[in-house]
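>
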DNA sequence: CTTTGTGTTGAT
DNA sequence: TCAACACAAAGG
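In full-length UniProt numbering, the protein residues as written are 1 to 316.
1) Assign residue 234 to one of three DSSP states: helix, strand, or coil.
2) Is it buried or exposed, residue 66, if we count other Cβ atoms within 10 angstroms and call 16 or more buried?
3) Would you list the residues sitting across from residue 70 in a DSSP beta bridge?
4) Compare the Cα-Cα distances from residue 127 to each of 252, 191 and 73 and report the closest residue.
5) What are the boundary residues of the beta strand (DSSP E) that residue 208 is part of?
6) In the DSSP assignment, find the alpha helix (DSSP H) that holds residue 187 and state where it starts and stops.
7) Should residue 45 be counted as a contact of the ligand SAH given a C-beta to heavy atom distance under 8 Å?
8) How far does the beta strand (DSSP E) with residue 107 in it extend, from its first residue to its last?
9) Among 129, 95 and 134, which has the Cα closest to the Cα of residue 112?
10) Select from 184, 46, 121 and 56 the residue whose C-alpha is nearest the C-alpha of residue 94.
11) From the DSSP output, in three-state form, read off residue 42 for me.
12) What do you reckon, are the CB atoms on residue 166 and residue 173 nearer than 9 Å?
13) Any contact of the region 99-107 with the region 48-63, i.e. 3+ C-beta pairs under 8 Å?
14) Looking at the strands, I want to know which residues DSSP matches up with residue 221.
15) Is the beta carbon of residue 163 less than 9 Å from the beta carbon of residue 258?
16) Restricting to Cα atoms, I'd like to know which of 43, 224 and 99 is closest to residue 235.
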C-alpha cells in the first residue's frame with residue numbers, strides 16, 4: 001500500500017478463496033475429518049488470532065484484559081498491528097513480530113509518534129487501519145528529518161524545498177457544492193493524477209489526504225462510481241465545502257508535492273497564478289454561478305437537479 | 001444476512 | 001499473558 005495516502009489495506013487480499021470453509025459432511029461417518037476441517041488455522045504470529053471468515057484478528061493483553069486491535073485481511077498486517085500496539089503498551093523492549101528490523105531515525109520518529117498519542121488513540125488507528133496514514137502525516141507536519149533527505153547532503157533542519165505542481169483545477173458545479181457530499185473529479189484528471197489503488201474501482205475507494213493553504217489536512221474518500229462512471233471525492237467533502245463556503249463557480253485547485261512524498265494539496269479559490277487562463281463569467285439572476293476556462297471543455301456544466309418541485313435557487 | 005470481537009477456559 | 005473456541009453482539 002502507499003502509506004502516504006491510503007488506508008484501506010493490502011493490495012493482495014482478494015486472492016483468498018474461502019480459506020476456511022467449515023463444510024459439513026453430515027452423511028460421512030468420518031467425524032474426525034469433519035472436526036479437522038472445522039478447526040481454524042493458528043497463526044505463527046504473536047497476538048494474531050484467526051477469524052471464522054478467513055481473516056485475522058489482532059489482540060494484546062494488558063492487566064488481565066484483552067485489547068482488541070481489529071481485523072485484517074492479511075495475517076502479516078495483523079502481526080504488524082500487534083507490533084505497534086506492543087511498542088506503545090510495553091515500550092521499546094517489547095517482543096514483536098517484525099518491528100526491530102530498523103534502528104534508524106525512522107524508528108525514533110515512530111517512537112515519538114507513539115508516545116505522543118494515548119494508547120486508546122493508537123488502538124483506534126489500528127482498528128481503523130489509519131495508523132500508517134497518521135504516522136506519515138505527523139512526519140510531514142514536523143518536516144523531513146535528516147533521514148528523509150539524502151544522507152549528508154544537507155544539514156539538520158533542512159528546509160522543505162520540494163515544490164508543488166498544479167495537477168488540475170475544477171470549477172465546481174452546483175451539485176459539487178450541494179447536499180450530495182461529493183465532488184466529481186473529471187475522469188481524465190483522476191486517472192492521470194490520482195493514485196489508482198485496488199479499492200478505488202473495487203467499490204470501497206481509498207482515503208486521500210489533502211493539505212489546504214492553512215496547513216489543515218483534509219481527508220476525503222476517493223472512489224469510482226460505476227453507476228455514473230465517474231471518479232468522486234465523497235466522505236469529508238461537504239465539510240470542506242462548508243468551511244470554505246464554496247459556491248458553484250468557485251475554483252478548486254489540486255496540487256502535489258514534487259518531492260519524494262506525494263503529498264496532495266487542495267486550494268479553494270486559489271489566487272490565479274501568472275498567465276492563468278482567462279475565465280468566462282456566467283451570471284444567473286445577477287449571481288455568478290459559473291466560471292469556465294475559455295476554450296476548455298470540462299464536461300457537463302449544467303446538471304439536472306433531481307427534484308420534483310420547482311427548485312429554488314437562493315441568492316448567494 | 002455477514003462479520004466482529006467478547007466471553008470464557010485452559011495452557012504456559 | 002496468551003490463544004482456542006463458541007457464539008452473542010454489532011453492523012450492513
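We put the beta carbon where it would ideally sit given N, CA and C, even for glycine.
These numbers were taken from a predicted model, which means no experiment stands behind them.
In short, the structure shows the following:
1) coil
2) exposed
3) 58
4) 73
5) 206-211
6) 187-193
7) Because no ligand of any kind appears in the structure shown, any question about the ligand SAH cannot be addressed here.
8) Where residue 107 is concerned, there is no enclosing beta strand (DSSP E), although the alpha helix (DSSP H) it sits in stretches over 105-115.
9) 134
10) 46
11) coil
12) no
13) no
14) 207
15) yes
16) 224
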